[in-house]
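Asks: One structure, pasted below without further comment.
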Amino acid sequence: MSNRTEIATLGEFGLIDHLTQNNEIKNASTILSVGDDAAVIDHFGRQTVVTTDLLLEGIHFDLSYTPLKHLGYKAVIVNLSDIYAMNAIPTQMLMSIGFSNRVSLEALEEFYAGVYAACEEHQVDLVGGDTSTSQKGLLISVTAIGEVAPDRYVKRSGALPNDLICVSGELGGAFLGLTLLEREKKIFETTGAQPDLEGESYIVGRLLKPAARKDIIEYFAEADFKPSSMMDISDGLSSDIMHICKQSNTGCVLYEDKLP
């Protein structure tokens, strides 16, 4: 970026005002949003579903190959995916971020462009959060809030013997994308050669711009169908299916030739 604005020139509250100046409310359940000591939410008799995720630079993402807009988008999506995994609809979120002085205002604007893109796509309100300086690295904490009818939420512990195990999409794409980007990073550090990602946009996109399966939850609602158990696959099929088995006190049989 050719222009760089130091965040210190705005101060904490000036920064918050700047980043939220175009924040729009989309849900009737959002009674009070950014600007007070806390948000006020009324889900009108429906159950409230809450989840949170922490993303740390060097652990969950690498800024050498992760565009900030993609990072902002992904930070929101990984939380919304957990809400959908409960058969619920996300309605609000809180975003807290810690950053060092190497991060400029323009960089944060790019990050929040991704945040707002995800919020707009899934009709979620950004209702609060926090900002802080960090001595090293970028830290992102997101809390997502959703709603669901009292008899519609789905737990991990509901699986029964003879249930059919299904996945909603292809597996392994994000891992392949990560492996490819890490390989190209090492080549660049060793030889200076520019990354060769031709023809690999799909798997790279699965890592940098994942999808939260709102369409699956909408399909369940239209079909008046409620799964016995469900969860978001974030650690791989073999790990996550065992979470369901453990909490449901049952076993499972997976057919390798049936995996998408």
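The numbering of the sequence shown is this note's numbering, which starts it at 84 and goes up by one.
Cβ atoms here follow ideal geometry from the backbone N, Cα and C, with glycine treated the same way.
Along the chain, where does the beta strand (DSSP E) that runs through Gly212 open and close?
Replies: Asp208 to Thr216
Asks: Thinking C-alpha only, which one of Leu93, Lys269 and His205 is nearest Lys109?
Replies: The residue with the shortest Cα to Cα distance from Lys109 is His205.
Asks: Determine the DSSP secondary structure at Met84, reduced to helix, strand or coil.
Replies: Residue confidence for Met84 is low, a pLDDT of 47 falling below 50, so the modelled location carries little weight and cannot support an answer.
Asks: So Asp136 is in the beta strand (DSSP E); what residue range does that whole segment cover?
Replies: Under the DSSP assignment, Asp136 falls in the beta strand (DSSP E) whose first and last residues are Gln130 to Leu139.
Asks: Looking only at DSSP bridge pairs, what is Asp119 linked to?
Replies: Listed as beta-bridge partners of Asp119 by DSSP are Val117.
Asks: Please report the residue range of the beta strand (DSSP E) in which Glu230 lies.
Replies: Leu222 to Val231
Asks: Give every residue of the same chain whose Cβ lies closer than 6 angstroms to the Cβ of Ala227, excluding the five residues on either side of it in the sequence, and list them in chain order.
Replies: Non-local C-beta neighbours of Ala227 in its own chain, meaning closer than 6 angstroms and more than five positions away in sequence, comprise Thr134, Asn162, Leu163, Ile166, Pro173 and Met176, ordered along the chain.
Asks: Tell me which residues share the same chain as Phe144 and place their Cβ nearer than 7 angstroms to its Cβ, disregarding the 5 neighbours each side in the sequence.
Replies: Leu138 and Leu154
Asks: Give me the Cα-Cα distance between Leu81 and Lys152, rounded to the nearest whole angstrom.
Replies: With the chain covering 84 to 343 only, the question about residue 81 has no answer from this structure.
Asks: Can you give the Cα-Cα distance for Pro278 and Leu264, rounded to whole angstroms?
Replies: When rounded, the distance between both Cα atoms is 8 angstroms.
Asks: Is Ser116 closer than 9 angstroms to His126 when the C-beta atoms are compared?
Replies: In this structure, His126 keeps its C-beta atom at 9 angstroms or more from the C-beta atom of Ser116.
Asks: Between the stretch 329-342 and the stretch 229-242, do at least 3 Cβ pairs fall closer than 8 angstroms?
Replies: Verdict: yes, contact present.
Asks: The alpha helix (DSSP H) spanning Ser164 covers which residue range?
Replies: Leu151 to Ala168
Asks: Report the option in Leu146, Lys292, Tyr302 and Leu254 whose CA atom is closest to the CA atom of Ser321.
Replies: Leu254
Asks: If you reduce the DSSP assignment to three classes, tell me which class Gln330 lands in.
Replies: Reduced to three states, the DSSP call for Gln330 is helix.
Asks: Restricting to Cα atoms, I'd like to know which of Gly128, Val132 and His101 is closest to Gly118.
Replies: His101
Asks: Just reading off the alpha helix (DSSP H) that Ser284 is part of, what are its end residues?
Replies: Ser284 to Leu291
Asks: Enumerate in chain order the residues of its own chain whose CB-to-CB distance from Ala200 is below 6 angstroms, with the five nearest sequence positions on each side excluded.
Replies: Tyr156
Asks: Lys309 to Ala168, Cα distance in whole Å?
Replies: 12 angstroms
Asks: In chain order, what residues of the same chain lie with their CB nearer than 8 angstroms to the CB of Ser183, ignoring the 5 residues before and after it?
Replies: The answer, listed in chain order, is Thr216, Ser217, Gln218, Lys219, Gly220 and Leu221.
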